[in-house]
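S.K.: Going by the working numbering, the first residue of the sequence shown is number 820, and it counts up by one from there.
All C-beta atoms, glycine included, are put in the ideal place defined by N, C-alpha and C.
Mind looking over this structure? Questions follow.
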Amino acid sequence: MVSVEPFDAVDVIRAKRDGGAVPEPALRWMVDAYTRGYVSDAQMASFAMAVYQRGMARDEIRVLTDAMIDSGERMSFAGLSKPTVDKHSTGGVGDKITLPLAPLVASFGVAVPQLSGRGLGHTGGTLDKLEAIPGWRAALSNDEMFAQLDGDVGAVICAAGSGLAPADKKLYALRDVTGTVDSIPLIASSIMSKKIAEGTGALVLDVKFGSGAFMQDYAMARELAETMVALGTDSGVKTSALLTDMNVPLGLTIGNANEVRESVEVLAGCGPADVRELTIALAQEMLALAGLPDADVAGALDDGRAMDSWRKMIAAQGGDPDAALPVARETHVVTAPVSGVMSKLEGLPFGIAAWRLGAGRARAEDPVIHSAGIDLHAKPGDAVVAGQPLFTLAAEDAARFPRALEALEGAWEIDADAAPGAHAPGPLVRERITG
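Here it is in structure tokens:
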């Protein structure tokens, strides 16, 4: 006997196309029917475009998120002896914060289940960076992950299992080829379905805005942050967000192996001021949600506790924390044509240049070259002297340099007439969003 579907995809598409709200039962059915293959890619693409153009009410986004969670398994960390807290960044150029952040928070006895992803396009992936460490592995079983969290390591950075929100994985691949990626309801439900299904007790969102960010407009980034915080709160996950500036690359490295090196510098109590600042700000936010609002985060970086946690975390996943990291065969140095003050260094072009050097991938199946990337020697507000290095490009093949340099045309400037201290960037953390 053939079963009869309770709804019709065309009716759901029309309801959203015409600006109406899709009733909860119909929206849940649409996600389920697409996951099991009854609703076609063409129909779901039409629905995604209708959402892109018409938007969704808060309750619709909640239902969409919940339906995507229900498409797969839900994890639970209730059996751990520690509170859990996770962080998610919307991504940016030079954003290596997860690397020092997870072991730093874990050094306070809080479990950090950081299920991360890989880079695509100009934004790097946390797993790609860590795979520059010889022996380190991203794939862990649930038993391995739980043992690492509940033991003296306390932090895990690994790949998410395929069972978490499979509807989101299928829908995201469709959005990527239909021009519907940058829709706040679709972005928010995509991120939060995975994070809520992951089962963490608390979540801090690093929502970036500016040239190097996925969401360049501040107002849209703020709306995205508010939407995701509401989704987490409605699902019983303690959630907050920091809006952070990504007009300029974060830190002094863009790539994979070089970002690991910089992260280790931060864990040693040194490193670029902006990376240290954001690591501390996010750690304080995470620990506050985990019930430790007065934790001395800076002290844990400076006295070696965070570094100890890092070494344990890397070793637990098969990596050698003392191993040499890959170094590129070829380098190209760009020098200052005049003396003055660096006045511009746009995030997006530098991310594209690093990608063209081999640090990123154009397709999900492409490999990354761990040694490729860019080292910055000056940032906006810094005084420079004619002839001094501004940035160094690194690649395995010198033939990659021309296209990378082409991406950087007009992306940086020196103000020859500026006084020292001019053009310094504004605050890195602009706003905190809570439920």
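Go through its chain and collect everything with a Cβ distance to Ala1032's Cβ below 6 Å, but skip five positions before and after it.
M.R.: Answer for Ala1032: Gly911, Met1065, listed in chain order.
S.K.: Please return the same chain residues whose Cβ sits closer than 8 Å to the Cβ of Gly1159, not counting the five positions on each side in sequence.
M.R.: Cβ neighbours of Gly1159 beyond the five flanking positions: Ala1202, Val1203, Ile1233, Asp1234, Ala1235, Asp1236, Ala1237.
S.K.: On the CB-based measure, 16 or more other CB atoms within 10 Å of its CB, does Arg847 come out buried or exposed?
M.R.: Arg847 should be labelled buried.
S.K.: Return the CA-CA distance between Asp1113 and Gly1138, expressed in angstroms with no decimal places.
M.R.: Their Cα atoms are separated by approximately 32 Å.
S.K.: So the alpha helix (DSSP H) Phe1220 belongs to, where does it begin and stop?
M.R.: Where Phe1220 is concerned, the enclosing alpha helix (DSSP H) stretches over 1220 to 1226.
S.K.: Mind checking which residues open and close the beta strand (DSSP E) that includes Val1023?
M.R.: Per DSSP, Val1023 belongs to the beta strand (DSSP E) from 1021 to 1028.
S.K.: With DSSP run on the structure shown, which of helix, strand or coil describes Gln1207?
M.R.: Three-state DSSP puts Gln1207 in coil, outside helix and strand.
S.K.: Closest to Arg836 by CA distance: which of Ser865, Gly856, Asp851 is it?
M.R.: Answer by Cα proximity: Ser865.
S.K.: Rounded to whole angstroms, what is the Cα-Cα separation between Glu1104 and Pro1156?
M.R.: For Glu1104 and Pro1156, the distance between alpha carbons rounds to 42 Å.
S.K.: Identify which residue in Gly1245, His1151, Ala1016 has its Cα closest to the Cα of Ala1173.
M.R.: Ranking the options by Cα distance to Ala1173, first place goes to His1151.
S.K.: Would you be able to state if there are at least three C-beta pairs under 8 Å between the segment 1046 to 1061 and the segment 925 to 935?
M.R.: No, the segment 925 to 935 is not in contact with the segment 1046 to 1061.
S.K.: List the endpoints of the continuous beta strand (DSSP E) containing Gly1192.
M.R.: Start and end: 1192 to 1195.
S.K.: Within the same chain, show all residues whose beta-carbon is closer than 8 Å to that of Arg877, passing over the 5 residues directly before and after it, in chain order.
M.R.: Thr1046, Ala1049, listed in sequence order.
S.K.: Counting only the same chain and skipping the five closest in sequence on each side, list residues whose C-beta sits under 6 Å from that of Ala852.
M.R.: Val858.
S.K.: Do you know offhand how far Val823's Cα is from Met1011's?
M.R.: Going by the C-alpha atoms only, they are around 31 Å apart.
S.K.: Considering just the uninterrupted stretch of the beta strand (DSSP E) at Thr909, what are its terminal residues?
M.R.: Where Thr909 is concerned, there is no enclosing beta strand (DSSP E), given that its DSSP letter is neither H nor E.
S.K.: Starting from Trp1231, trace the beta strand (DSSP E) in both directions and tell me its first and last residue.
M.R.: Trp1231 -> beta strand (DSSP E) spans 1231 to 1234.
S.K.: Using 8 Å for Cβ pairs, my map puts Pro1168 next to Ala1226. What's the rounded Cβ distance?
M.R.: Their Cβ separation, rounded to whole angstroms, is 5 Å, which keeps Pro1168 and Ala1226 in contact under 8 Å.
S.K.: Take the Cβ of Gly1175 as the centre, count every other Cβ of all protein chains shown within 10 Å, and call the residue buried at 16 or more, exposed below.
M.R.: It is Arg, not Gly, that sits at residue 1175 in the sequence shown. Its Cβ being crowded by 16 or more others within 10 Å, Arg1175 is buried.
S.K.: What would DSSP say about Leu1061, mapped onto helix, strand or coil?
M.R.: In the structure shown, Leu1061 sits in a strand (DSSP, three-state: E or B).
S.K.: Which two residues bound the contiguous beta strand (DSSP E) that contains Ala1134?
M.R.: No beta strand (DSSP E) contains Ala1134, which is instead part of the alpha helix (DSSP H) from 1124 to 1135.
S.K.: Report buried or exposed for Arg881, applying the criterion of at least 16 other Cβ atoms within 10 angstroms of its Cβ.
M.R.: Looking at its Cβ environment, which holds 16 or more other Cβ atoms inside 10 Å, Arg881 is buried.
S.K.: For Asp1122 and Pro919, I'd like the C-alpha separation in whole angstroms.
M.R.: Taking the straight line from one Cα to the other gives about 14 Å.
S.K.: Is there contact here, the segment 894 to 904 with the segment 1078 to 1097, by at least three beta-carbon pairs under 8 Å?
M.R.: These segments do not touch.
S.K.: Just how far apart, CA to CA, sit Ser890 and Pro1244?
M.R.: So the alpha carbons of these two residues sit roughly 44 Å apart.
S.K.: Give the DSSP-derived three-state secondary structure of Ile1099 in the structure shown.
M.R.: Helix.
S.K.: Using 8 Å as the threshold, is the segment 991 to 1006 in touch with the segment 958 to 969, meaning 3 or more CB pairs across them?
M.R.: The segment 991 to 1006 is not in contact with the segment 958 to 969.
S.K.: Straight-line CA distance for Asp827 to Ser981?
M.R.: Roughly 28 Å between the two C-alpha positions.
S.K.: Quick one: using the 10 Å Cβ neighbour count with 16 as the cut-off for buried, is Arg1222 buried or exposed?
M.R.: Its Cβ having fewer than 16 others within 10 Å, Arg1222 is exposed.
S.K.: For Glu950, does the three-state DSSP call read helix, strand or coil?
M.R.: Three-state result, Glu950: coil.
S.K.: Assign Gln872 to buried or exposed, taking buried as 16 or more other Cβ atoms, counted over all protein chains shown, within 10 Å of its Cβ.
M.R.: The residue is exposed, with fewer than 16 neighbouring Cβ atoms inside 10 Å.
S.K.: Starting from the C-beta of Arg956, find all residues in its chain whose C-beta is less than 6 Å away, skip the five residues before and the five after it, and write them out in chain order.
M.R.: Within the same chain, Arg956 has close Cβ partners Gln1136, Gly1137.
S.K.: Could you tell me which of Ala1191, Val904, Asp987, Trp1129 sits nearest to Glu1084, measuring between CA atoms?
M.R.: Measuring from the Cα of Glu1084, the nearest candidate turns out to be Trp1129.
S.K.: Which same chain residues end up closer than 7 Å to Ala1117 when comparing Cβ atoms and leaving out the 5 residues on each side of it in sequence?
M.R.: Answer for Ala1117: Ile1099, listed in chain order.
S.K.: Would you tell me roughly how many angstroms separate the C-alpha atoms of Leu883 and Ala1142, rounded to the nearest one?
M.R.: Computed Cα separation, rounded: 45 Å.
S.K.: Look up Glu1149 in the DSSP assignment and say whether it is helix, strand or coil.
M.R.: Correct three-state label for Glu1149: strand.
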